[in-house]
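Protein chains in written order, with numbering that gives the first Met the number 0: chain D, 0 to 231; chain U, 0 to 231; chain F, 0 to 231; chain Z, 0 to 231.
Shown next, in structure tokens, is the structure this report addresses.
There are 4 protein chains.
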Amino acid sequence: MARPPGHGAGYETKRQEIIDKAAALFAEKGYAATGIAEVGDAAGLARGALYYYIGSKEHLLVEIQDRVMRPMLAGVHRIAALDEDPVLRLRLLSQTLLENILARLDHVRVYEHDYRNLRGDNRTRLLSQRREFEGVVQQLLVAAMEDGSFRRLDPGLATLQFLNMHNHTYQWVKPGGEWDARSLSREYCATLFAGFAGPGRRFDDIEDHVSDFLAKRETAAPVPIPRSSGRA
Amino acid sequence: MARPPGHGAGYETKRQEIIDKAAALFAEKGYAATGIAEVGDAAGLARGALYYYIGSKEHLLVEIQDRVMRPMLAGVHRIAALDEDPVLRLRLLSQTLLENILARLDHVRVYEHDYRNLRGDNRTRLLSQRREFEGVVQQLLVAAMEDGSFRRLDPGLATLQFLNMHNHTYQWVKPGGEWDARSLSREYCATLFAGFAGPGRRFDDIEDHVSDFLAKRETAAPVPIPRSSGRA
Amino acid sequence: MARPPGHGAGYETKRQEIIDKAAALFAEKGYAATGIAEVGDAAGLARGALYYYIGSKEHLLVEIQDRVMRPMLAGVHRIAALDEDPVLRLRLLSQTLLENILARLDHVRVYEHDYRNLRGDNRTRLLSQRREFEGVVQQLLVAAMEDGSFRRLDPGLATLQFLNMHNHTYQWVKPGGEWDARSLSREYCATLFAGFAGPGRRFDDIEDHVSDFLAKRETAAPVPIPRSSGRA
Amino acid sequence: MARPPGHGAGYETKRQEIIDKAAALFAEKGYAATGIAEVGDAAGLARGALYYYIGSKEHLLVEIQDRVMRPMLAGVHRIAALDEDPVLRLRLLSQTLLENILARLDHVRVYEHDYRNLRGDNRTRLLSQRREFEGVVQQLLVAAMEDGSFRRLDPGLATLQFLNMHNHTYQWVKPGGEWDARSLSREYCATLFAGFAGPGRRFDDIEDHVSDFLAKRETAAPVPIPRSSGRA
DNA sequence: AATGAATGAGCCTTCATTCAT
DNA sequence: TATGAATGAAGGCTCATTCAT
Numbered sequence: 000m001a002r003p004p005g006h007g008a009g010y011e012t013k014r015q016e017i018i019d020k021a022a023a024l025f026a027e028k029g030y031a032a033t034g035i036a037e038v039g040d041a042a043g044l045a046r047g048a049l050y051y052y053i054g055s056k057e058h059l060l061v062e063i064q065d066r067v068m069r070p071m072l073a074g075v076h077r078i079a080a081l082d083e084d085p086v087l088r089l090r091l092l093s094q095t096l097l098e099n100i101l102a103r104l105d106h107v108r109v110y111e112h113d114y115r116n117l118r119g120d121n122r123t124r125l126l127s128q129r130r131e132f133e134g135v136v137q138q139l140l141v142a143a144m145e146d147g148s149f150r151r152l153d154p155g156l157a158t159l160q161f162l163n164m165h166n167h168t169y170q171w172v173k174p175g176g177e178w179d180a181r182s183l184s185r186e187y188c189a190t191l192f193a194g195f196a197g198p199g200r201r202f203d204d205i206e207d208h209v210s211d212f213l214a215k216r217e218t219a220a221p222v223p224i225p226r227s228s229g230r231a
Numbered sequence: 000m001a002r003p004p005g006h007g008a009g010y011e012t013k014r015q016e017i018i019d020k021a022a023a024l025f026a027e028k029g030y031a032a033t034g035i036a037e038v039g040d041a042a043g044l045a046r047g048a049l050y051y052y053i054g055s056k057e058h059l060l061v062e063i064q065d066r067v068m069r070p071m072l073a074g075v076h077r078i079a080a081l082d083e084d085p086v087l088r089l090r091l092l093s094q095t096l097l098e099n100i101l102a103r104l105d106h107v108r109v110y111e112h113d114y115r116n117l118r119g120d121n122r123t124r125l126l127s128q129r130r131e132f133e134g135v136v137q138q139l140l141v142a143a144m145e146d147g148s149f150r151r152l153d154p155g156l157a158t159l160q161f162l163n164m165h166n167h168t169y170q171w172v173k174p175g176g177e178w179d180a181r182s183l184s185r186e187y188c189a190t191l192f193a194g195f196a197g198p199g200r201r202f203d204d205i206e207d208h209v210s211d212f213l214a215k216r217e218t219a220a221p222v223p224i225p226r227s228s229g230r231a
Numbered sequence: 000m001a002r003p004p005g006h007g008a009g010y011e012t013k014r015q016e017i018i019d020k021a022a023a024l025f026a027e028k029g030y031a032a033t034g035i036a037e038v039g040d041a042a043g044l045a046r047g048a049l050y051y052y053i054g055s056k057e058h059l060l061v062e063i064q065d066r067v068m069r070p071m072l073a074g075v076h077r078i079a080a081l082d083e084d085p086v087l088r089l090r091l092l093s094q095t096l097l098e099n100i101l102a103r104l105d106h107v108r109v110y111e112h113d114y115r116n117l118r119g120d121n122r123t124r125l126l127s128q129r130r131e132f133e134g135v136v137q138q139l140l141v142a143a144m145e146d147g148s149f150r151r152l153d154p155g156l157a158t159l160q161f162l163n164m165h166n167h168t169y170q171w172v173k174p175g176g177e178w179d180a181r182s183l184s185r186e187y188c189a190t191l192f193a194g195f196a197g198p199g200r201r202f203d204d205i206e207d208h209v210s211d212f213l214a215k216r217e218t219a220a221p222v223p224i225p226r227s228s229g230r231a
Numbered sequence: 000m001a002r003p004p005g006h007g008a009g010y011e012t013k014r015q016e017i018i019d020k021a022a023a024l025f026a027e028k029g030y031a032a033t034g035i036a037e038v039g040d041a042a043g044l045a046r047g048a049l050y051y052y053i054g055s056k057e058h059l060l061v062e063i064q065d066r067v068m069r070p071m072l073a074g075v076h077r078i079a080a081l082d083e084d085p086v087l088r089l090r091l092l093s094q095t096l097l098e099n100i101l102a103r104l105d106h107v108r109v110y111e112h113d114y115r116n117l118r119g120d121n122r123t124r125l126l127s128q129r130r131e132f133e134g135v136v137q138q139l140l141v142a143a144m145e146d147g148s149f150r151r152l153d154p155g156l157a158t159l160q161f162l163n164m165h166n167h168t169y170q171w172v173k174p175g176g177e178w179d180a181r182s183l184s185r186e187y188c189a190t191l192f193a194g195f196a197g198p199g200r201r202f203d204d205i206e207d208h209v210s211d212f213l214a215k216r217e218t219a220a221p222v223p224i225p226r227s228s229g230r231a
């Protein structure tokens, strides 16, 4: 379980490579239906060597979940803390969410399908992270209701509608396909914000605000989405 | 392998019972992670007897998928064929969809998660049914755009937004919980229709139309949602 | 782990047969160095079928320990409770002990060598049984000291001397070889009792008392030592 | 495989240290159940470096057996060759035997339990050493019978009684515990010699003879029992 | 003198499935 | 109809050992 204390230069690189390969396989066939041997084959490693890196099959799953949840939570908290209009923050959060989904599509599929295979602490931690994530979204929605941007909705159900719309995307979107995160976010939010809008409210210039914000950000400090390989 | 040609009175009953139990287990732990022995235990049957009813583990999965897809498609086609406004038909379709999801929550979870374990024909047929289903939704959305109810949207993405919103519901809804199909449908459609609305269009009286329609239907011919046990 | 609730006529027989074979193999090569596959080969069973009977490798070890300890403790308690002179009871206990050792020589070897491979409850229970056993011997030795038969010895060390002498026998005795339980017991006790004797005490007629006692017993009720196969 | 021909200053020291650690681990968990990695951890050495010192796991076992048998045989032969009464020589041999057992308790446990894991020549040599050892004891016992000190006993069984009593000690004695070699030897021999005694023979002054002998020895030349680390 | 990385056989165990009864 | 018994492949994982550096 514990990795050997000293490991050479290439160790972590190789380790991340293995997790990549595993994520792809788990996404394709499901965690339970994928054998460790297949992961070894994909990584070009014999079974024994594999365990030198991974500890256990479940640990592999934990790392994949982490790769999804860690940057997602970080991004979401960063955006929620911005000094901007709640609706703009929701739009930015939507885009970050979709960027993360698109950047690690197979990881997300594993994250959504296979968390049932986690047990004990790992499972508990995952579920609490999900709740934390939902909490942030809900707070923004409530803020938007309170300032009149949105009509009075059941906060829980509004959150779930927002998340339904975004989180199911992984089921059909293709990497490098027709849709990128920004366009998707634009469309989703156009629907949701018009659907949630308070009386007399419209959000026609929201995309301009987004452009402004992103331009500001980019000149200040770029925030890259990490690629699938390499720790978040 | 094939079901024995002559079977007694209780055969089909017992068979359906077994599929029920299997669906519950597969939903909880995943298809691949659930053993045939567990199904046998849950059904109170030894392994040998189980195979007398089920043929194979994969066949069990096929039956569960069928139980989801068959009534879903039937309902959707029935509604699409109605001589009603496209927006009302979408609202009715939404409700049917949610009724089916809520009536067979565990089946739906299996349907969404485990179709990757199907192979060959079974898989092909399933995917084509999904496309068929999406086609119907898309046609209604296009019809609503054409009569000006909805603004001009990318038809594919509009469909996916509609389906995202509905199909992700199984991930959090609880049977016998806070939300029933009709309330959920009302809320989802309030958001989606306002979000999709063409210029100057509102759908404030849509729920009245729904009430009227349902009242008519009920006096004419009840269309029950079949319970989880028993063939569709 | 739990054996199936219903099993046929031959189940228990076959199970005992497997434990026999396992005991022989464990005795020869050691528990840890013996593979489950070897047990399967010896029992003429494929690996899968083996597990239908045994539950786990450790469970096999537990059963072997039980087969040693259960009749041993039963015999020892039965004899300690007799209304006879302490020295005679020690002599009878010695014989029972040796009878048990000789009757299940390979089991005893496993019992002495491999209990370290037990963990948790199984280990705890075993150790407490050992202490219980030693307690009975020590009480008899103390009784013999108190009535003057034996000189005043350190009770703990006297017990250990008695047990050293008997328990190491498994390391060299051969089943069906030169020595049977009664002769061995006679010789061991001749040495020990003369060695332990109080001033002026001799036990020249102890073997006559043994003969009398055994004759009495046999006419009353024979107490057979169970063979290696079959539960105690 | 063979030790490298040229090795530096600390090589042998480190090698002995590794064998020490291995003996402790083998004693605790058994040879077969102990991994080479654990030995490496205990010695603070990576697996590769370990093999630089040990050659193979079985070689480690051979060395441990040697550390037990070599000084044991040497001591026993030295004592048997003394020009003293056979009974005194047996008493001295008993003490040496127990000193060796106590000095290397874990080695002895390995020696008694795990010789079955040796194969080929290593095993043969070990067994012949054991027979050699028993032969010496038996000769002394026979000598004591022939001079009338002991009664006429079956020589083989007398030897085995002597060895049973001593060799089982490792199973319960604790290093630094209540009993040291000299006290144990005194008690064991008190029992055995009185038990073996010929008609009218007593050995009341044997401990005085022991004291005399040891005093003589010590002034002449100390014969230290080597500590667990360091070759015999 | 020591290391990290790799191997591949073997470990115990579980699995879906079959079949005589 | 239903069972208990059996199979053999595959499951995840550990092992002693090697070797380039």
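Each residue gets a CB set at the ideal place from its N, CA and C atoms; glycine is no exception.
For the C-beta of residue 60 (chain F), not a single chain Z residue is nearer than 7 angstroms; the gap to the nearest is close to 12 angstroms. Residue 144 (chain Z) and residue 159 (chain Z) have their alpha carbons spaced roughly 15 angstroms apart.
Contact of residue 123 (chain F) with chain Z is not assigned, every C-beta pair being separated by 8 angstroms or more. Residue 63 (chain Z) sits away from residue 17 (chain Z), with the two beta carbons spaced by 8 angstroms or more. The shortest CA-to-CA distance from residue 203 (chain F) to any of F:213, F:217, F:129, F:188 is the one to F:188. For residue 212 (chain U), the enclosing alpha helix (DSSP H) starts and ends at 205-219. Residue 149 (chain D) carries a strand assignment under DSSP once its states are collapsed to helix, strand and coil. Sequence-distant Cβ neighbours of residue 21 (chain D) in its own chain, meaning closer than 6 angstroms and more than five residues away, are 38, 59. Closer than 8 angstroms to the CB of residue 176 (chain D) there is not a single CB belonging to chain U. Within chain F, the C-beta atoms nearer than 9 angstroms to that of residue 116 (chain Z) come from 28, 29, 32, in chain order. In this structure, the alpha-carbon of residue 111 (chain F) lies about 12 angstroms from that of residue 171 (chain Z).
In the three-state reduction of the DSSP assignment, residue 31 (chain D) falls in the coil class, being assigned neither a helical nor a strand state.
A straight-line Cα-Cα distance of about 37 angstroms links residue 85 (chain Z) and residue 102 (chain F).
Listed along chain U, the residues sitting closer than 7 angstroms to residue 164 (chain D) by beta-carbon distance are 160, 163, 164.
For residue 36 (chain D), no Cβ of chain U is located within less than 8 angstroms of the residue's own Cβ. The residues 139, in chain order, have a CB closer than 6 angstroms to that of residue 89 (chain U) in the same chain once the five nearest residues on each side in sequence are set aside.
Assignment of beta-bridge partners to residue 196 (chain Z) by DSSP yields Z:149. With its beta carbon at least 8 angstroms from every one in chain Z, residue 106 (chain F) lies outside the interface. Taking C-beta separations shorter than 7 angstroms and ignoring five residues to either side along the sequence, the partners of residue 93 (chain Z) in its chain run 165, 184, 187, 188, following chain order. When rounded, the separation of the alpha-carbon atoms in residue 36 (chain F) and residue 29 (chain F) is 14 angstroms.
Following the DSSP letters along the chain, one finds residue 70 (chain Z) inside the alpha helix (DSSP H) bounded by residues 56-79. Residue 212 (chain D) and residue 87 (chain D) have their C-alpha atoms spaced approximately 9 angstroms apart. One Cα belongs to residue 156 (chain Z), the other to residue 206 (chain F), and the distance between them is close to 19 angstroms.
Between residue 66 (chain D) and residue 6 (chain D), the C-beta gap is not smaller than 8 angstroms, which leaves the two residues out of contact.
Judged by DSSP in its simplified three-state form, residue 173 (chain U) adopts coil rather than helix or strand. Against chain Z, a Cβ distance below 7 angstroms from residue 191 (chain F) picks out 190, 194.
Within the model, the alpha-carbon separation for residue 129 (chain D) versus residue 108 (chain D) is close to 15 angstroms.
DSSP, read as helix, strand or coil, puts residue 40 (chain Z) in helix. Using beta-carbon distances, residue 169 (chain Z) does not count as an interface residue toward chain F, since no partner is under 8 angstroms. With a threshold of 8 angstroms between beta carbons, residue 156 (chain D) makes contact with chain U. Assigned with DSSP and collapsed to three states, residue 47 (chain D) falls in helix. Remark: C-beta atoms of residue 97 (chain Z) and residue 180 (chain Z) approach each other more closely than 8 angstroms.
With its beta carbon less than 8 angstroms from one in chain U, residue 186 (chain D) belongs to the interface.
Judged by beta-carbon spacing, residue 193 (chain Z) lies beyond the 8 angstroms limit of residue 219 (chain F), meaning their Cβ atoms are not closer than that value. Identification of chain U residues near residue 6 (chain D) by a Cβ-Cβ cut-off of 8 angstroms yields none; the smallest Cβ-Cβ distance measures about 32 angstroms. The Cβ atoms of residue 196 (chain Z) and residue 135 (chain Z) do not sit closer than 8 angstroms to each other.
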